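Per UniProt numbering, residue 1 is the first one in the sequence shown, and the count goes up by one each step.
Where is the CB? At the ideal position from N, CA and C, for every residue including glycine.
Bear in mind the structure is a predicted one, so any value in this text is a computation, not a measurement.
Here is the structure we will look at.
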Amino acid sequence: MREGNSIYEVEPWSIRESSFDPIHNRRGETIFTVANGYLGMRGHFEEGLEGAGINALNGTYLNGFYDSADITYGEEAFGYARKRQTMLNVTDSKIIELFIDGEQFNLLSGRVIEYERILDMQHGILSRHVVWESGTGKQVQVDTQRLISFDNKHVAMVRYTVKPVNFTGEIKLISALNGKVTNEISADDPRAGSAFGGQVLHTVQSYEENTFMALEQRTTETEFHLLCGAEHTLDYDYTLSTIQEDERIAKAFTMQVDEGQSVTLDKSIVYYSSKDYEVDHLLILAQSTLKEVKANGWDALTIKQKEYLDEFWEIADVNVEGDELLQQGLRYNAYQLFQSVGRDGKTNISAKGITGEGYEGHYFWDTETYMLPFFLYTKPELALRLLEYRYYTLPKARERAVEMAAEGALFPWRTINGEEASAYYPGGTAQFHINADVAHAIIQYVEATGDQDFLQSKGLEMLIEISRFFLSVGNWITGKGFCINGVTGPDEYTAIVNNNTYTNIMVKDALEFTVHELTQWEELTPDSYLAMHSVMGLTEEEIADWARAADEIYIHRQNGLIGQDDSFLDKGVWDFDNTPAENYPLLLHYHPLVIYRQQVIKQADLILAFYLLGEKFTKLEKVKNYAYYEPLTTHDSSLSAAIHAIIAAELGNMDHAYNFFIESARMDLDDIHGNVKDGIHAASMAGSWLTIIGGFAGMRQYDGRLHFEPKLPPSWTEYSFRVQFQDRLVNVNVEGNKTTYSLVRGEPLTIEHYGQEYVVAMTQPLEANNRDLCAIVFGLEGVVIPVIDEESETIESAELLPGVEDLLQHFADHNIAVVLASHRSDAEEVVEKLGVRQYFNRIITSDDVEFSKPDPEIFIKAANAVNIHPYHTMVIEDSTESIQSARQIGMKTIAVSSLTRIDSAHFTVPGLDGLNLETMIRWMQLP
Numbered sequence: 001m002r003e004g005n006s007i008y009e010v011e012p013w014s015i016r017e018s019s020f021d022p023i024h025n026r027r028g029e030t031i032f033t034v035a036n037g038y039l040g041m042r043g044h045f046e047e048g049l050e051g052a053g054i055n056a057l058n059g060t061y062l063n064g065f066y067d068s069a070d071i072t073y074g075e076e077a078f079g080y081a082r083k084r085q086t087m088l089n090v091t092d093s094k095i096i097e098l099f100i101d102g103e104q105f106n107l108l109s110g111r112v113i114e115y116e117r118i119l120d121m122q123h124g125i126l127s128r129h130v131v132w133e134s135g136t137g138k139q140v141q142v143d144t145q146r147l148i149s150f151d152n153k154h155v156a157m158v159r160y161t162v163k164p165v166n167f168t169g170e171i172k173l174i175s176a177l178n179g180k181v182t183n184e185i186s187a188d189d190p191r192a193g194s195a196f197g198g199q200v201l202h203t204v205q206s207y208e209e210n211t212f213m214a215l216e217q218r219t220t221e222t223e224f225h226l227l228c229g230a231e232h233t234l235d236y237d238y239t240l241s242t243i244q245e246d247e248r249i250a251k252a253f254t255m256q257v258d259e260g261q262s263v264t265l266d267k268s269i270v271y272y273s274s275k276d277y278e279v280d281h282l283l284i285l286a287q288s289t290l291k292e293v294k295a296n297g298w299d300a301l302t303i304k305q306k307e308y309l310d311e312f313w314e315i316a317d318v319n320v321e322g323d324e325l326l327q328q329g330l331r332y333n334a335y336q337l338f339q340s341v342g343r344d345g346k347t348n349i350s351a352k353g354i355t356g357e358g359y360e361g362h363y364f365w366d367t368e369t370y371m372l373p374f375f376l377y378t379k380p381e382l383a384l385r386l387l388e389y390r391y392y393t394l395p396k397a398r399e400r401a402v403e404m405a406a407e408g409a410l411f412p413w414r415t416i417n418g419e420e421a422s423a424y425y426p427g428g429t430a431q432f433h434i435n436a437d438v439a440h441a442i443i444q445y446v447e448a449t450g451d452q453d454f455l456q457s458k459g460l461e462m463l464i465e466i467s468r469f470f471l472s473v474g475n476w477i478t479g480k481g482f483c484i485n486g487v488t489g490p491d492e493y494t495a496i497v498n499n500n501t502y503t504n505i506m507v508k509d510a511l512e513f514t515v516h517e518l519t520q521w522e523e524l525t526p527d528s529y530l531a532m533h534s535v536m537g538l539t540e541e542e543i544a545d546w547a548r549a550a551d552e553i554y555i556h557r558q559n560g561l562i563g564q565d566d567s568f569l570d571k572g573v574w575d576f577d578n579t580p581a582e583n584y585p586l587l588l589h590y591h592p593l594v595i596y597r598q599q600v601i602k603q604a605d606l607i608l609a610f611y612l613l614g615e616k617f618t619k620l621e622k623v624k625n626y627a628y629y630e631p632l633t634t635h636d637s638s639l640s641a642a643i644h645a646i647i648a649a650e651l652g653n654m655d656h657a658y659n660f661f662i663e664s665a666r667m668d669l670d671d672i673h674g675n676v677k678d679g680i681h682a683a684s685m686a687g688s689w690l691t692i693i694g695g696f697a698g699m700r701q702y703d704g705r706l707h708f709e710p711k712l713p714p715s716w717t718e719y720s721f722r723v724q725f726q727d728r729l730v731n732v733n734v735e736g737n738k739t740t741y742s743l744v745r746g747e748p749l750t751i752e753h754y755g756q757e758y759v760v761a762m763t764q765p766l767e768a769n770n771r772d773l774c775a776i777v778f779g780l781e782g783v784v785i786p787v788i789d790e791e792s793e794t795i796e797s798a799e800l801l802p803g804v805e806d807l808l809q810h811f812a813d814h815n816i817a818v819v820l821a822s823h824r825s826d827a828e829e830v831v832e833k834l835g836v837r838q839y840f841n842r843i844i845t846s847d848d849v850e851f852s853k854p855d856p857e858i859f860i861k862a863a864n865a866v867n868i869h870p871y872h873t874m875v876i877e878d879s880t881e882s883i884q885s886a887r888q889i890g891m892k893t894i895a896v897s898s899l900t901r902i903d904s905a906h907f908t909v910p911g912l913d914g915l916n917l918e919t920m921i922r923w924m925q926l927p
C-alpha cells in the first residue's frame, strides 16, 4: 500500500519497489543498500545497468578503507589540513551477467513484464523478481537475493536463480570481479562525491582455480592491500570457462536448460584488507573463509542473519500504533544505522553510512551527538566501539593540538584515519565543540553503563586531554570570566565567533565531570590514581584550574535572551521574506561572508544545548530562546529537524514537534531533500529515534538516572520502545494518558516521571498518568472579576463573576493548587476584599516578573510557585495574548469569552458558572 507522497509501498517490515524506475535508479541504489558496518553494497543490479545517460552509481565500500592525496589550496597557511581522505569504491564483486541464447539480459533493453524489489529488514536480505522478454520474444524469470553477513563481516552472498519461461535453450551466467573501479568526481556541491579524478585502486594480482577467483588490489597513496575473492555453487550441469581481461576476472557457467526449469547460482564473496591483516595472509584467509561459507551454504547464512536481527529488533524496535508511514520510516532508519556502524573500535559511522560517496565517507561529530545515543540505549557494546575509535585516534588528536599551538588533544572535524581532512577551517577545524561532543558521549556512556573499566583505562585519558585543550585555548577576561574565542558552533552559518554558548556549556559540563571523577578516583583507589597521575603528568594546580574555568565560564545574555555567541544578537536579521525558495540551501547560493554577518542559522545550535544539557537551563529560558531562534533557522542541514522536534515536544508544542519529526523520520525514504542518491542521512535517521525517545517520551539522562515526560501525538493511539540502562532493560509503553514502565530484566530501577520518583521492578509494571490536573492558574480581570474600565470604574467596585467561588471551593476540596496570575500589582488586595484570598496558594503579579505578556514568564513562575509541572497545569484566561503565552510552555488553556471563540485556546467557555472540575479533568487528558 502506498500512502500520500510515499515513494515506496508502506509495509511494516520491508521496503518494496513495484516498478522499475530508471530515472530515479540512483535513489533506489541508496535505499536498497545492504551492509554490515564493514562492507556495504549499493542496490545496483547484478547484471549492471548500461545505457545512455543512465542515472547510476555502482558502489561497493569498506568502512574506513580509503586513499589519500594532497589538498590543493590557492593560498596556503600553517595548520591547514594537508591530506584528503576518501572512502574508496572497491572491487565490484556482485556482478552476474545473464545471456539467453546469446542475448544479454538488461532492464534497459527488451521488455520488463514483471518487476519487484524488496528489502526485508527482519531477515536482512535484498531480493528482486523480474520477468523479462528479449528482443526475440524469449521470456526469462530472474530472482536474485543478496545478503551481507552480520555474523562474519567479511562475507557476502548472492543467490541468482534463472528460469526460462517460454523456451528451451542455452543459459550462460558470467560471474565477475571487476577491479577497474573509480569514485565519482564531486561537482558543484561540496557535500557530494570525491576529489579523485580517476582510478586509485589498482590490481596487482589475480588468482583463479576451478570455481574460485580473486583479485588483489592496492591503493595508490596509502598502499593498503585488498583481497576480494569469490566461490560458486551451481545446482545444474554446466561447462566452466575463465575469462580474464584488463582488471577483471570472470567465471562463465554455460548450461542447456529446459522451459520451466530453474537454475540457481550461489556466489560467495569475501573481502580482506591489510588494514586488519598481514598482506601475505589475505589470500589464505579468503580461501579458508570461502571454503567454509560454500560448505555451509545459503541457508546457514540466512539462519544466522535472522538470529542476529531478531536480537537487534528485540530491543531496538519502536512500535507506533496509528501511523504506518512513520512505523516503516522508523524501522528503516534503525536498520540503516545498524548496517552502518563500525564494530571493531577502529572505524566509526560516516555521515552517509556505507551507502554512497557523499562527504567522502568521513566521520563527523554526528556520531557522538546523534548516532551514539541510539546504540547506547539499544546496543551499548556498539556505543563502546564508537568511543574506542576516538581513543584509537587519540595520538593523532594530540598531534593536531600541537599543530594548533594548544595543549591536550583536538579531535578532527572530519576524518577517516584520525587526521583533519576539512579544507575549510572556518566550518571545520574551528568547530572545537567536537572535543566537547566526544566528552559528552563519554559521560553519557559511563553513566548509562557504569563501565568504570573503560573510564579508567581510556575515558579519563581522553577527558584529561580535552580539558587541557580547552584551558589552553581559552582565557579569563575581566567582567566576563573564562572565555573561548575564535570558534564555530554547530551553526555553520555563523563562523569564528567568541563564546559560542553551545561550546561553552558543553565544555563546562566536561570539565565538571572530569574534576569530579578524578576526585572520586583519588578517594577510592589512591594508589592507582597516583599511577595515572604520574603517567599523565597531572598536577593539582591543573585540576584546580579546570574547576575554576567550569565555575566561571562565560555565557552571553542580552535583552532577556541567551546569545548564541557574543555578537549574534547584534547582527541584522536575514531577509527571509525576499529569499527565493530555490536559494536554499544558502551555502550553495551566497558567499560565506554574506551569511556570516547576519542572523541566520543553518541548524540547531543553542537549541541543541537545550536537549543535551537541558537540566542546566530553565523552562523560561528554553521557551523564550526557542521562540526567538527557531524562526531564524533555515534547517538547511538534515541534523536540524529532529532537535527542534525534541524541544518543541518538551515545550508542549506537539504540532510543531510532529511536523519536524515527519521530516526526519522519512527523510530518505521520501527523498525529502532530493539528495538521497548520494547516500543516506545517517544522523537524521538517528534523530528520528531520538525524537520518539527524547521528544515524545521526554527521556533525559542526568544525575545518574532516567527522567521521562511522555506525551502522545494526537494522531497516534499508542507507542512503545525499550531502553537499556545500567544493566537493566526497560519497556516503555505510552497509551492515551497513561505510561507503563515494565522491567524486562535486571534489578529494580529508580526513574522519574514528570519529576516524581518511582521504582520499576520486574514483579509489577509501573503505571503513571501523563497529564493530571494538579494546578490551576487564574487570570484576574475577565475571569475572577469583570474587566475594569479604568476611566469609569474602580477596582473597589468589582465583584466576583458567577461560579468563581464555587469552582475555587471545589478545587480546595480536591487539593488542587490554585495560583492567581495578574498584571495588576494590587491583585492580592482585590481578592482579599472579595473574600476569596484563602483559595489561592500563591499570587503572582507584575511586581514578580521582568517581562510582561506575551512573554510566558508569569505562567512559568505561577507553576514553579506551587512546584507543579506546566504540563500538569491549566490556565483560565480571557485574552488571546494570555492564552498564547500559556500554550508556549505546554499548559492546557480555557478561554473565558461570552461573545467569540478564542481560537488559540484549547477550550472556550462563556463563563465559569457552567464549568466543573470533572469536565476540566477530562479536558486536561485530551490530546
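(request) Can you tell me which of the three DSSP states F105 falls into? (result) F105 falls in the coil class under three-state DSSP.
(message) Taking a contact to mean a Cβ-Cβ separation below 7 Å, would you say N504 touches I466 in this structure?
(response) Not in contact: N504 and I466 (Cβ atoms no closer than 7 Å).
(request) For the stretch 433 to 503, list the beta strand (DSSP E) runs that are entirely contained and at least 3 residues long, ordered along the chain. (result) Taken in chain order, the complete beta strand (DSSP E) segments of 3 or more residues contained in the stretch 433 to 503 are 474 to 477, 481 to 484.
(message) Taking contact to mean 3 or more Cβ pairs, one atom from each stretch, closer than 8 Å, check whether the stretch 86 to 103 and the stretch 279 to 292 are in contact.
(response) Contact between the stretch 86 to 103 and the stretch 279 to 292 is absent: fewer than 3 CB-CB pairs across the two stretches fall below 8 Å.
(message) Once DSSP output is grouped into helix, strand and coil, what is the label at E170?
(response) The three-state reading of DSSP puts E170 in strand, counting E and B together.
(message) When you compare the stretch 586 to 604 with the stretch 523 to 535, are there three or more beta-carbon pairs, one atom per stretch, that lie closer than 8 Å?
(response) No, they do not touch.
(request) Could you check the C-alpha separation between S149 and F99 for me, to the nearest Å? (result) One C-alpha to the other measures close to 29 Å.
(message) Just list the residues that DSSP pairs R722 with in beta bridges.
(response) Under the DSSP definition of a beta bridge, R722 partners with N731.
(request) Check the C-beta distance from G329 over to L669 and give it rounded, since I have them as a contact under 8 Å. (result) Contact holds; Cβ gap of about 6 Å.
(message) I need the straight-line Cα distance from S882 to R901, nearest angstrom please.
(response) If I take the Cα positions, the gap works out to 14 Å.
(message) Under 8 Å, with one C-beta from each stretch per pair, do the stretch 370 to 383 and the stretch 391 to 401 reach the 3-pair mark?
(response) With the cut-off at 8 Å, the stretch 370 to 383 and the stretch 391 to 401 do not touch.
(message) Quick check on DSSP: helix, strand or coil for Q141?
(response) Here Q141 sits in strand by DSSP.
(message) Relative to the C-alpha of G911, which candidate in R922, L801, T919, S638 has its C-alpha closest?
(response) It is L801 whose Cα lies nearest to the Cα of G911.
(message) How far does the alpha helix (DSSP H) with N625 in it extend, from its first residue to its last?
(response) Here the alpha helix (DSSP H) through N625 covers 619 to 629.
(request) Could you work out which residue in L49, I751, A286 is closest to H154 when comparing CA atoms only? (result) Distance check between H154 and each of L49, I751, A286 places A286 closest, using alpha-carbon atoms only.
(request) Find out if the Cβ-Cβ distance for the pair residue 950, V866 is shorter than 7 Å. (result) Past the boundaries of the shown model lies residue 950; the chain is included only from 1 to 927, so the question cannot be answered.
(message) Residues in the same chain with beta-carbon distance under 8 Å from A56, minus the five sequence neighbours each way, listed in chain order, please.
(response) Correct list, in chain order: N25, R26, E29, H44, L49.
(message) Would you call the stretch 851 to 859 in contact with the stretch 617 to 625, where contact means no fewer than 3 C-beta pairs closer than 8 Å?
(response) The stretch 851 to 859 makes contact with the stretch 617 to 625; the number of CB pairs closer than 8 Å reaches 3 or more.
(request) Measure the Cβ-Cβ separation of I354 and Y66 and say whether it is below 7 Å. (result) The answer is no: Cβ separation not under 7 Å.
(request) Within the same chain, show all residues whose beta-carbon is closer than 8 Å to that of A495, passing over the 5 residues directly before and after it, in chain order. (result) Cβ neighbours of A495 beyond the five flanking positions: P426, G427, A430, T488, P592, Y596.
(request) Report the rounded CA-to-CA distance for L915 versus N559, giving the unit in angstroms. (result) Cα to Cα, L915 sits roughly 40 Å from N559.
(request) Just mark S715 as buried or exposed, buried being the case when its beta carbon has 16 or more other beta carbons within 10 Å. (result) Under this definition S715 is an exposed residue.
(request) Go through its chain and collect everything with a Cβ distance to W923's Cβ below 6 Å, but skip five positions before and after it. (result) Closer than 6 Å at Cβ, skipping near neighbours: F907.
(message) Applying the 10 Å Cβ sphere with the 16-neighbour rule, what's the burial state of T168?
(response) Flag for T168 reads exposed.
(message) Quick check on DSSP: helix, strand or coil for K379?
(response) Residue state for K379 is assigned as coil, using DSSP reduced to three classes.
(message) Going by DSSP in three states, H707 sits in which element: helix, strand or coil?
(response) Reduced to three states, the DSSP call for H707 is strand.
(message) Taking contact to mean 3 or more Cβ pairs, one atom from each stretch, closer than 8 Å, check whether the stretch 872 to 889 and the stretch 774 to 785 are in contact.
(response) Using a Cβ-Cβ distance cut-off of 8 Å, the stretch 872 to 889 and the stretch 774 to 785 are in contact, since at least three pairs of beta carbons, one from each stretch, lie closer than that value.
(request) Could you tell me if R2 is buried or exposed, where buried requires 16 or more neighbouring beta carbons within 10 angstroms of its beta carbon? (result) Legend: pLDDT at R2 = 49, less than 50; position of this residue unreliable, no value from coordinates given.
(request) Using a threshold of 7 Å, state whether the C-beta atoms of A817 and T845 are closer than that. (result) Not closer than 7 Å, so no.
(message) Closest to G408 by C-alpha separation, out of V200, L706, R400, would be which residue?
(response) With distances taken between CA atoms, G408 lies nearest to R400 out of V200, L706, R400.
(message) Suppose only complete runs of 4+ residues qualify. What are the alpha helix (DSSP H) ranges in the stretch 21 to 93, listed by chain order?
(response) Correct list: 25 to 31.
(request) Could you give the DSSP three-state label for R343: helix, strand or coil? (result) Of the three classes helix, strand and coil, the one that applies to R343 here is coil, per DSSP.
(request) Have a look at G342, A544, K861, A697 and flag the residue whose alpha-carbon is nearest the alpha-carbon of K738. (result) Of the candidates G342, A544, K861, A697, the one whose C-alpha sits nearest the C-alpha of K738 is A697.
(message) Strictly by DSSP, which residues pair up with A768?
(response) For A768, DSSP records a beta bridge to T739.
(message) Is it the case that the stretch 324 to 339 contacts the stretch 599 to 617, given that we only count it when at least three CB pairs across the two stretches are under 8 Å?
(response) Not touching, per the Cβ criterion.
(message) Quick test of your reading: V760 and I751, contact by CB under 8 Å. State the CB separation rounded to the nearest angstrom.
(response) Sure, about 6 Å apart at Cβ, within 8 Å.
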